[in-house]
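Residue numbers (this note's numbering): 25 to 404.
All residues carry an ideal CB built from backbone N, CA and C; glycine is no exception.
Note that this is a predicted model, so its numbers are computed, not measured.
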């Protein structure tokens, strides 16, 4: 296996698109001598046919901008827009279109580089090496994010499954990843029935990586185990704190845990560095519950759970900070804005969730997880 100038030992296939055969031969010869596999095309339609039929698909396309029928600029746009093709970095090359406007048009069209022909072999190889390395790194990041997202979705219970949790409980959950990030965070929600009542939780593992997502999955598993053993909410948080300190000493997390008696509305709530839960009533009033505590993972004590009550038709809202935190805006201001928005929305979990996601997710820079639960009147 040939080792390329970029230092990678993985073979790569490069597509060279030029209607002049001598140019294709010259560029292809340089690439082949460097150890690359080369495919050739003389026009844009031929290039698309080669890309759609190639196995494996070329990792870089070197495209002359002065192609007949369809220009190299348009070909690059067609490649980027084709849903059946992966992202393929493009290097434009031209013997004529080399002024600033041409280069700007090519780069604004998505090209990774723009070369003037004839190009020195060293410059051609250095450009291809850098573009190839950047493309592989970006693909690795996308693959990691896709895997982490699939992992998180697999362990977040579906809303329709939670809807049948227990009688007289109306529940809505939501999860929105921050799509501008290259990695996934550790936000999660949980809701399940125990002998003590319905356990409701929202949490956030610090960081944005596959590691954060896997720690999230671990915490959700032990949350269920500790709850089924009959521990109080603050005891659950204390046990989770010990788990992080022992097995993940560099990780911290926030979490709010509540146990709700669906029949009486009695609740016990404990908080570990998380946003306080919010209760909203049908008459348009909303207030935060004053429950606070240290982050998980700091080996600190957690105070006994706080007693509260969820009246019939009231909604308990629990969210992660990705919903409301914004740069240069004080958290207290964001919390008050959230409280006011909630008071003007239908006091039904699904309507409340949909409104919040619609209002807040567009400019969110972090993942969002939320849970809203309403205790219905008997027979509701």
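Please state whether DSSP places residue 45 in a helix, a strand or coil. helix
Could you check the C-alpha separation between residue 37 and residue 55 for me, to the nearest Å? Between the alpha carbons of residue 37 and residue 55 lies a gap of roughly 10 Å.
Please state if the CB of residue 329 and the CB of residue 290 are separated by a distance shorter than 7 Å. no
Run through DSSP, which three-state label would residue 382 get? Correct three-state label for residue 382: helix.
With DSSP as the reference, label residue 356 as helix, strand or coil. In the three-state reduction of the DSSP assignment, residue 356 falls in the helix class, which pools H, G and I.
Residue 234 - containing alpha helix (DSSP H), residue span: 234–252
The beta strand (DSSP E) spanning residue 390 covers which residue range? No beta strand (DSSP E) contains residue 390, which DSSP labels as neither H nor E.
Cβ-based neighbour list, residue 44, same chain, cut-off 7 Å, excluding 5 preceding and 5 following: none
Give the DSSP-derived three-state secondary structure of residue 61 in the structure shown. When secondary structure is reduced to three states using DSSP, residue 61 falls in the strand class.
Can you check whether the CB of residue 276 is closer than 7 Å to the CB of residue 319? yes
Expected contact under 8 Å - CB spacing of residue 118 and residue 99 to nearest Å: That pair is no contact at about 13 Å.
When the Cα of residue 361 is compared with those of 378, 384, 370, which residue comes out closest? 384
Looking at the unbroken beta strand (DSSP E) that takes in residue 283, where does it start and where does it end? Note, residue 283: beta strand (DSSP E), 277–284.
Let me check understanding here. Comparing Cα to Cα, which of 160, 42, 108 lies closest to residue 141? 42
Inside the region 61–123 only - alpha helix (DSSP H) runs reaching at least 4 residues: DSSP runs (the alpha helix (DSSP H)) wholly in the region 61–123: 68–77, 96–105.
Kindly identify the DSSP beta-bridge partner or partners of residue 223. Partner(s): 216, 283.
Going by other Cβ atoms of all chains shown within 10 Å of its Cβ, with 16 needed for buried, is residue 322 buried or exposed? With fewer than 16 Cβ atoms within 10 Å of its Cβ, residue 322 is classed as exposed.
In the structure shown, what three-state DSSP assignment does residue 261 receive? Reduced to three states, the DSSP call for residue 261 is helix.
When you compare the region 335–346 with the region 301–308, are there three or more beta-carbon pairs, one atom per stretch, that lie closer than 8 Å? yes
With which residues is residue 396 paired in a DSSP beta bridge? Bridge partners of residue 396: 196, 341.
If you draw a straight line from the alpha carbon of residue 332 to that of residue 373, how long is it in whole angstroms? 19 Å
Check whether the region 59–79 touches the region 102–109, taking contact to mean three or more Cβ pairs, one atom from each stretch, closer than 8 Å. Touching, yes, given that three or more Cβ pairs across the two stretches are closer than 8 Å.
Residue from 222, 138, 61, 129 with nearest C-alpha to residue 81: 61
Residue 229 in three-state terms, based on DSSP: strand
Leaving out five residues before and five after residue 143 in sequence, what residues of the same chain have Cβ atoms less than 7 Å from its Cβ? 117
Between the beta-carbon of residue 58 and the beta-carbon of residue 149, is there less than 7 Å? yes
Residue closest to residue 124, alpha-carbon to alpha-carbon, out of 139, 325, 265: 139
Counting only runs of 3+ residues fully inside the region 123–154, write out the beta strand (DSSP E) ranges in chain order. 137–140
Rounded to a whole number of angstroms, what is the C-alpha to C-alpha distance between residue 317 and residue 382? The C-alpha of residue 382 is placed about 30 Å away from the C-alpha of residue 317.
Helix, strand or coil for residue 374 per DSSP? Correct three-state label for residue 374: helix.
C-alpha distance - residue 158 paired with residue 219, whole-angstrom precision: 53 Å
Short Cβ contact (7 Å threshold) for residue 344 with residue 393: yes
Residue range of the beta strand (DSSP E) that residue 295 falls in? For residue 295, the enclosing beta strand (DSSP E) starts and ends at 290–296.
DSSP three-state call for residue 167: helix, strand or coil? Here DSSP, grouped into helix, strand and coil, assigns residue 167 to helix.
Exposed or buried, residue 400, counting other C-beta atoms within 10 Å across all chains shown (16 or more means buried)? exposed
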